[in-house]
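K.L.:
One structure follows; several queries about it will come next.
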Amino acid sequence: MAIGWVSAVLAISRVFGEFFIYTFRWAVIVAALMFTSIVLTVTAAVDRSGALYRFRGGERRWTTLAVVCLLALSISTIHQLSTQEIPYATGWKAEAELAPKVLAKLSLDRRYHIVWDDPVSLGGLGFGLMLAADRAGFTVQTEPVFGAGVEQERVGNRFDADEELHVVTGPAIAKWQKSGVGTRLAFVDTRTDAERAEFARTQAALFDEITAKNRPWALDTPMFAIMTDKALSDAGHRRADRLIMLGQPTAVYLAAPGVTPP
């Protein structure tokens with residue numbers, strides 16, 4: 004047990020890179036479960052006779068203490084969840100606008116293959132559209148690379164579908180518009196004029212550093228890749244994080260399977 008505990012501490016100490024709040028929350032929950040299991044195991048091993056369990060009041064006091072602790076943790080968790088600011092709120096707002104616009108133009112008797120190009124939120128809007136369409140009764144599928152996120156029953160060959168939906172975020176929208184490929188079903192940009200101006204300034208400053216340090220990143224590079232680039236400064240990482248928080252416009256195009264801009 005001691006070896007396992009020491010190994011876990013050493014493993015966690017080797018974690019490096021940018022701090023993401025959701026990974027910290029997962030780690031806290033896992034750590035709490037591990038700590039509880041260790042304490043229970045040690046207690047059972049030391050107190051083989053059950054004397055500690057029966058100490059000063061017996062089962063009832065221990066049960067009451069456990070219930071009180073559980074209630075306190077539950078109340079604390081509910082409070083934190085109800086007061087927590089929604090992370091990456093621009094993605095939530097964009098999806099709330101995007102999905103209804105797209106679904107209103109689809110047919111329930113057709114199969115749609117959904118793919119996405121998202122340098123901002125790791126495909127969050129694509130997954131969101133998949134979920135919304137599935138809940139609304141549409142037959143949808145996607146690429147095998149996204150199988151872990153959508154489950155294998157929603158994975159399929161694009162050429163088995165009737166039509167293809169492309170969820171495009173950021174610079175690639177201009178390429179789609181210029182090519183004339185497909186039909187644009189929806190366009191969403193949740194940013195204000197001030198936020199667009201801030202985005203342009205922040206992006207320019209970030210790519211000045213990227214160019215100066217000869218890093219292999221472009222405008223359509225996923226921001227999370229830039230955030231984990233150790234060659235960039237802390238200021239550069241903060242700029243990348245700010246660009247994620249500000250968001251970028253997203254459009255959805257309907258095209259024949261396999262047809263994309265040249």
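Residues in the sequence shown are numbered from 4 upward in steps of one, following our numbering. Using N, Cα and C, we set each Cβ at its ideal position, and we do this for glycine too.
#1: Please confirm whether V105 has its beta-carbon closer than 8 angstroms to some beta-carbon of chain D.
#2: For F130, which three-state DSSP category applies?
#3: Quick check on this structure: which residue in A243, G185, K108 and L125 has the alpha carbon closest to the alpha carbon of F202?
#4: What separation, rounded to the nearest whole angstrom, lies between the Cα atoms of F227 and F149?
#5: Let's test the definition: count the other Cβ atoms within 10 Å of the Cβ of P219 and tell me whether it reaches 16, buried, or not, exposed.
#6: For V143, does the three-state DSSP call read helix, strand or coil?
#7: Could you spell out where the beta strand (DSSP E) holding F190 opens and where it closes?
#8: So who's on the other strand from E154, going by DSSP bridges?
#9: Contact check, Q251 vs V123 under 8 angstroms by CB: the rounded distance?
#10: Per the contact definition of three or more C-beta pairs closer than 8 angstroms, is the region 142-162 in contact with the region 173-181?
#11: Would you mind listing the alpha helix (DSSP H) stretches within the region 71-123 that are 4+ residues and don't spill past its ends, in chain order?
#12: Helix, strand or coil for A254? Go by DSSP, reduced to three states.
#13: Under DSSP, the alpha helix (DSSP H) around L209 begins and ends at which residues?
#14: Nearest CA to the CA of T214: which residue from E154, S236 and T195?
#15: Applying the 10 Å Cβ sphere with the 16-neighbour rule, what's the burial state of G131?
#16: Do you know how far the Cα of T142 is from the Cα of R114?
P.N.:
This is what the structure gives:
#1: Included in the structure is just one protein chain, with no chain D present.
#2: Helix at F130.
#3: The alpha carbon of F202 has as its nearest neighbour, out of A243, G185, K108 and L125, the alpha carbon of A243.
#4: Between F227 and F149, the C-alpha separation is close to 18 angstroms.
#5: P219 counts as exposed, since fewer than 16 other beta carbons sit within 10 angstroms of its beta carbon.
#6: Here V143 carries a strand assignment [DSSP, helix/strand/coil].
#7: First-last of the beta strand (DSSP E) with F190: T186 to V191.
#8: None, per the DSSP bridge assignment.
#9: Between the beta-carbon of Q251 and that of V123 there is about 5 angstroms, and that keeps the pair under the 8 angstroms contact cut.
#10: Counting C-beta pairs with one atom in each stretch, the region 173-181 and the region 142-162 have fewer than three that are closer than 8 angstroms, which means they do not touch.
#11: Counting only runs of 4+ residues, the alpha helix (DSSP H) found wholly inside the region 71-123 occupies 92-106, in chain order.
#12: If DSSP states are grouped into helix, strand and coil, A254 belongs with the strands.
#13: If you look at L209, you'll find it in the alpha helix (DSSP H) that goes D196 to A215.
#14: Of the listed residues, the one whose Cα sits closest to T214 is S236.
#15: Per the 10 Å Cβ criterion, buried.
#16: Near 5 angstroms, if we compare the C-alpha coordinates of T142 and R114.
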